[in-house]
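Engineer: In this note's numbering, the protein residues as written are 291 to 675.
(1) Suppose you measure from the CA of residue 294 to the CA of residue 521; what does that come to, to the nearest Å?
(2) Ignoring anything shorter than 4 residues, give me the alpha helix (DSSP H) runs that lie fully in the stretch 438-476, in order along the chain.
(3) Tell me, please, whether the stretch 597-613 touches the stretch 660-669 by the rule of three or more beta-carbon pairs shorter than 8 Å.
(4) Could you check where the beta strand (DSSP E) with residue 649 kicks off and where it finishes?
(5) On a Cα-Cα basis, can you pick out the residue from 607, 396, 403 that is closest to residue 561?
(6) Measure the alpha-carbon distance for residue 427 versus residue 383 and round it to whole angstroms.
(7) Considering only DSSP beta bridges, list what residue 406 is partnered with.
(8) Hey, how far is the Cα of residue 529 from the Cα of residue 468?
(9) With 16 as the cutoff for other CB atoms within 10 Å, does residue 348 come out buried or exposed?
(10) Taking Cβ to Cβ, would you say residue 506 is nearer than 8 Å to residue 533?
(11) Relative to the C-alpha of residue 525, which candidate in 558, 490, 443 has its C-alpha closest?
(12) Determine the DSSP secondary structure at residue 503, reduced to helix, strand or coil.
(13) Would you identify the three-state DSSP class for residue 381, choosing helix, strand or coil?
(14) Hey, quick one: how far does the beta strand (DSSP E) through residue 324 stretch, first residue to last?
(15) Contact between the stretch 385-393 and the stretch 347-364: three or more CB pairs below 8 Å?
(16) Counting only runs of 3+ residues fully inside the stretch 516-543, write out the beta strand (DSSP E) ranges in chain order.
(17) Between which residues of its own chain and residue 305 is the CB-CB distance below 6 Å, once the five residues before and five after are set aside?
(18) Under the three-state reduction of DSSP, which class applies to residue 593: helix, strand or coil?
(19) For residue 493, does the three-state DSSP call read helix, strand or coil?
(20) Near residue 585, which residues of its chain fall below 6 Å by C-beta distance, leaving aside the five closest residues on each side in sequence?
(21) Where do the ends of the beta strand (DSSP E) carrying residue 297 lie?
(22) Would the beta-carbon of residue 621 fall within 8 Å of that of residue 590?
(23) Secondary structure at residue 347, three-state DSSP: helix, strand or coil?
(24) Less than 7 Å between C-beta atoms, sequence neighbours within five positions excluded: which residues of the same chain meet that for residue 395?
(25) Classify residue 337 as helix, strand or coil using the three-state DSSP reduction.
(26) At what residues does the alpha helix (DSSP H) containing residue 614 begin and finish?
(27) Looking only at its chain, what residues have a beta carbon closer than 6 Å to the beta carbon of residue 457, apart from the 5 residues adjacent to it on each side?
(28) By DSSP, does residue 372 sit in helix, in strand, or in coil?
(29) Taking buried to mean at least 16 other C-beta atoms within 10 Å of its own C-beta, is residue 325 buried or exposed?
(30) Have a look at residue 350 and residue 604 and give me their C-alpha separation to the nearest angstrom.
(31) Chain D beta carbons: is any one of them nearer than 8 Å to that of residue 630?
(32) Note down the Cα distance separating residue 299 from residue 331, rounded to an integer number of angstroms.
(33) Could you check the C-alpha separation between residue 339 and residue 355 for me, to the nearest Å?
(34) Please report the Cβ distance between residue 297 and residue 345, rounded to the nearest whole angstrom; I am assuming they are in contact, meaning their Cβ atoms lie under 8 Å.
(35) Name the DSSP beta bridge partners of residue 314, please?
(36) So what's residue 551 in DSSP terms, helix, strand or just coil?
In structure tokens:
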């Protein structure tokens, strides 16, 4: 049996981590299946013709490969593209279609033969059991049971960016984030030591991104993981996300002592109490100020991300958040993202552009689309200065 696994990204120089996780785990239980991973770069959608050419390219590739089933990794940037390709494929082929990823919605993708919702490793094996009329004995209790995907990748070993997970899920319950629906689990330090060593010895890359939702959630563990990386890294840029309220003297010391080329990202979103309360995001503004002060004094590079269009927000509340960034941070611009209402999240008092798939919010309880567009124009203006 042949399973074709397809993903989409802005560029092909980023390792296809999600699909390789599925493949490496599935190979343990279905070693005779031929898995083939192919990533396509959609770049900037300059016009209708270019976008349609990509769709035709993918459909043609699938038909040439002649798989028994094709599996699509579906994210917010590719959901519409995947849907269009699959609907076309259904008209001209009997190839089974498997869809997985955070954007999966039963009604929007009701044409698929199989939907994999949530963490995919176990459920993907269930699908393969069904396709092969077999029953494997599998139970993913420990994340260490997932083979390190970089060990089984059959493609190139040279990438601009490499991503790893040291943990999954999040103990916090922010309503706008689908991490909140996943229980927090960790890969063991032994697993990370063995596999990070392998990664640096066998791959060429410039940037390493740690995908954990809050890398400074546990300070001792953060110290241990950076210690592992520092033993093998040679001038790589290390990126990770910190929870601003948890930045203290200990976290700064861990970063400085690692002697790594580190860049931090901080997801602040808003400083409005009513906005954060409505999105069930816990925060302590004084601790945020203290964390920023420590980053500034120690010359640790960072970026603060904001979000506009959240429930209860308005232009003046958002402006106060921008003023806070200008006052307490050293960054010149203000990275701000239009709130995208994700599938399987709990912010229901919003209207989004497309009802059944993750998309931009166009109306909230306090703002309409004109208000949101004015904020975008304002952000563009201040970032040009």
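The beta-carbon is built from N, C-alpha and C at its ideal position, and this holds for glycine as well.
Structural biologist: A quick look at the data gives this:
(1) Distance between the alpha carbons of residue 294 and residue 521 is about 37 Å.
(2) As far as the stretch 438-476 is concerned, it has no whole alpha helix (DSSP H) run of at least 4 residues.
(3) These segments touch.
(4) Counting along the chain, the beta strand (DSSP E) containing residue 649 begins and ends at 649-653.
(5) Of the candidates 607, 396, 403, the one whose C-alpha sits nearest the C-alpha of residue 561 is 607.
(6) Cα to Cα, residue 427 sits roughly 32 Å from residue 383.
(7) As DSSP reads the structure, residue 406 sits in a beta bridge with 390.
(8) Roughly 21 Å separates the two Cα atoms.
(9) Classification of residue 348: buried, given that the 10 Å Cβ count is 16 or more.
(10) A contact, by the Cβ cut-off of 8 Å.
(11) Of 558, 490, 443, the residue nearest in Cα terms is 490.
(12) Note: residue 503 maps to coil in three-state DSSP.
(13) Residue state, collapsed to three classes: helix.
(14) Looking at the DSSP string, the run of the beta strand (DSSP E) that includes residue 324 is 324-331.
(15) In short, these stretches touch, since the Cβ pair count reaches three.
(16) List check, beta strand (DSSP E) in window: 527-532.
(17) A distance below 6 Å between beta-carbons, with the five flanking residues on each side excluded, links residue 305 to the following residues of its chain, in chain order: 449, 452.
(18) DSSP places residue 593 in strand when its eight states are reduced to three.
(19) Coil at residue 493, not helix or strand.
(20) Once the five neighbours on either side are set aside, the close Cβ partners of residue 585 are 592.
(21) Where residue 297 is concerned, the enclosing beta strand (DSSP E) stretches over 292-299.
(22) No, the pair does not count as a contact, with Cβ atoms beyond the cut-off.
(23) Note: residue 347 maps to helix in three-state DSSP.
(24) Answer for residue 395: 633, 646, 647, listed in chain order.
(25) With a pLDDT of 45 at residue 337, under the threshold of 50, the predicted position of this residue should be treated as unreliable, and no value is reported.
(26) Residues 605-618.
(27) These residues qualify, in order along the chain: 476, 502.
(28) The answer is helix: DSSP assigns residue 372 an H, G or I state.
(29) By the 10 Å Cβ count, residue 325 comes out buried.
(30) If you take the alpha carbons of residue 350 and residue 604, they lie about 47 Å apart.
(31) No chain D appears in the structure shown, which is made up of a single protein chain.
(32) Taking the Cα positions, residue 299 is about 5 Å away from residue 331.
(33) Note that residue 339 scores a pLDDT of 48, beneath 50, so its modelled location is shaky; the value from the coordinates is reported in the next line. Here the C-alpha atom of residue 339 lies approximately 24 Å from the C-alpha atom of residue 355.
(34) So it is not a contact: roughly 15 Å between Cβ atoms.
(35) Residue 314 is not bridged by DSSP to any residue.
(36) If DSSP states are grouped into helix, strand and coil, residue 551 belongs with the strands.
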